[in-house]
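*Asks:* Counting with full-length UniProt numbering, you get residues 1 to 281 for the letters of the sequence shown. Think of the CB as a built atom: it goes at the ideal place given N, C-alpha and C, for glycine as much as any other residue. Since we're looking at a predicted model, the values are computed, not measured. Please see the structure below; I have some questions.
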Amino acid sequence: MDLVGFSNLRVAEKRDGKLSVRLAERFPRARLIEINAHGLFSKWFAESGKLVARVFERVRDITADPRLLACVLVDEVESLAHARRAALSGLEPSDSIRAVNALLTELDRLKRCPNVLVLTTSNVTGAIDVAFADRADIKRHVGPPTARAAYEILRGCCAELMLRGCVKTHERVFALSTLKSSSWKSSAAAESSLQLWEVARVAAAARLSGRALRRLPFLARALHLSSAPGTVPELRAFVAALQASLDSHLRDAEDFHSDDAGPDSLRGPEVPRGDPFSGAD
């Protein structure tokens, strides 16, 4: 199952789906339980820890059936499992310590349940409490899409726009394995696909997220192509608009960070030289 272009939350949800299929003989039923970490904090003193305990008590009730596989998903877990040293230094409310302690206690209790899998995601790993991180059996870093993944994301977006009649369909966007063939590198039919690959390489060098990549086709259609009614662009024109949209995104990012970074941050991404398909494997 391909996970490119998904946020950490979507990756976790896809993982839950794969587990429910692979373990279907042992667990005929599966359930995904999402916990909203932001909703477990109360303005009342000592209430946050009780809310955490109450939520996990409900989880244990649901998972009492040994034939049910339960995947407990906590997105942005740093909101709930933030480092307690910040609270001790006076930077966080003291009640947050009780919430973290309650979370750690409930996770220890869930270890007795062989049919429960806890999945958490975070974009601020440095803010997570060390004791919480130690309880994680597997830690995986989901980085930005590679050039190959970026190409597949943009290729999928182009295919969707063609299906919806937003881009003309008489050209094809070829798979990367086809483009790597020497007979296709000089083919006029693959020109648009090769241009799209260059866009993907630049985007990967700039470390664009999957979310930012999926936004590029929308910006290309809205800002860099004709908005006249009934106008449907050619694929070649749309890919050129994608490149313009990417350039605008990179300039905006440079302007946004220029006050906080030195001159090196304004050089733009360094696209790998040499073989244009060096990042395709």
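Does residue 23 come out as helix, strand or coil in the three-state DSSP assignment?
*Replies:* On the sequence shown, position 23 is the one that residue 23 refers to. Residue 23: coil per DSSP, three-state reduction.
*Asks:* Where does the unbroken beta strand (DSSP E) through residue 113 begin, and where does it stop?
*Replies:* Taking the first residue of the sequence shown as position 1, residue 113 is located at position 113. No beta strand (DSSP E) holds residue 113; DSSP gives it neither H nor E.
*Asks:* For residue 144, which residues in the same chain have their Cβ closer than 8 Å to its Cβ, ignoring the five residues on either side in sequence?
*Replies:* For the purposes of this step, residue 144 is taken as the residue at position 144 of the sequence shown. Closer than 8 Å at the Cβ level, and outside the excluded window around residue 144, lie 204, 207, 208, 209 and 210.
*Asks:* Assuming residue 64 and residue 31 are in contact, meaning their beta carbons sit under 8 Å apart, how far apart are those beta carbons, in whole angstroms?
*Replies:* Here the question's residue 64 lines up with position 64 in the sequence shown. Here the question's residue 31 lines up with position 31 in the sequence shown. Taking C-beta atoms under 8 Å as the contact rule, residue 64 and residue 31 fail to qualify, at a distance of about 12 Å.
*Asks:* Pick out whichever of 232, 178 and 50 has its Cα sitting closest to the Cα of residue 151.
*Replies:* Working through the sequence shown from its first residue, we reach residue 151 at position 151. The shortest Cα separation from residue 151 among 232, 178 and 50 belongs to 178.
*Asks:* Put residue 30 into one of helix, strand or coil per three-state DSSP.
*Replies:* Numbered from 1 along the sequence shown, position 30 holds the residue referred to as residue 30. Strand.
*Asks:* Run the CB neighbour count on residue 239, radius 10 Å, all protein chains shown included, and call it buried at 16 or more, exposed below.
*Replies:* Translated into positions along the sequence shown, residue 239 becomes position 239. So residue 239 counts as buried.
*Asks:* Helix, strand or coil: which one does DSSP assign to residue 199?
*Replies:* On the sequence shown, residue 199 is found 199 positions in, with the first residue counted as 1. Here residue 199 sits in helix by DSSP.
*Asks:* What is the residue span of the beta strand (DSSP E) that residue 158 lies within?
*Replies:* Taking the first residue of the sequence shown as 1, we reach residue 158 at position 158. No beta strand (DSSP E) contains residue 158, which is instead part of the alpha helix (DSSP H) from 147–163.
*Asks:* Which of the three DSSP states, helix, strand or coil, is assigned to residue 224?
*Replies:* Taking the sequence shown and counting its residues from 1, one reaches residue 224 at position 224. Coil, per DSSP.
*Asks:* If you draw a straight line from the alpha carbon of residue 18 to that of residue 49, how long is it in whole angstroms?
*Replies:* One-based indexing of the sequence shown puts residue 18 at position 18. One-based indexing of the sequence shown puts residue 49 at position 49. Taking the straight line joining both Cα atoms gives about 33 Å.
*Asks:* Hey, could you find the ends of the beta strand (DSSP E) residue 73 is sitting in?
*Replies:* Sequence index remark: in the sequence shown, residue 73 carries index 73 (1-based). From DSSP, the beta strand (DSSP E) with residue 73 extends over 68–74.
*Asks:* Does the count of Cβ pairs from the segment 122–142 and the segment 185–204 closer than 8 Å reach three?
*Replies:* For the pair of segments examined, the segment 122–142 was found not to touch the segment 185–204: the number of CB pairs separated by less than 8 Å stays below three.
*Asks:* For the alpha helix (DSSP H) that residue 131 lies in, which residues bound it at each end?
*Replies:* Numbered from its first residue, the sequence shown carries residue 131 at position 131. Looking at the DSSP string, the run of the alpha helix (DSSP H) that includes residue 131 is 130–134.
*Asks:* Keeping to the same chain, check which residues put their C-beta closer than 8 Å to that of residue 29; ignore five residues upstream and five downstream.
*Replies:* Your numbering for residue 29 matches position 29 in the sequence shown. Taken in chain order, the residues that qualify are 65, 67, 68 and 69.
*Asks:* Can the beta-carbon of residue 167 be found closer than 8 Å to that of residue 233?
*Replies:* Position 167 of the sequence shown, counting from 1, holds the residue named residue 167. Position 233 of the sequence shown, counting from 1, holds the residue named residue 233. Yes, these two residues count as a Cβ contact at 8 Å.
*Asks:* I need the straight-line Cα distance from residue 248 to residue 76, nearest angstrom please.
*Replies:* Working through the sequence shown from its first residue, we reach residue 248 at position 248. Working through the sequence shown from its first residue, we reach residue 76 at position 76. Straight-line Cα distance between these residues: approximately 29 Å.
*Asks:* Buried or exposed: residue 46, going by 16 or more other Cβ atoms within 10 Å of its Cβ?
*Replies:* Translated into the one-based positions of the sequence shown, residue 46 becomes position 46. Exposed, by the Cβ-count rule.
*Asks:* Roughly how many whole angstroms lie between the Cα atoms of residue 97 and residue 190?
*Replies:* The residue given as residue 97 occupies position 97 in the sequence shown. The residue given as residue 190 occupies position 190 in the sequence shown. Cα to Cα, residue 97 sits roughly 58 Å from residue 190.
*Asks:* Closest to residue 131 by C-alpha separation, out of 27, 252 and 84, would be which residue?
*Replies:* As a working note, residue 131 is residue 131 in the sequence shown. Checking every option, the nearest Cα to that of residue 131 belongs to 84.
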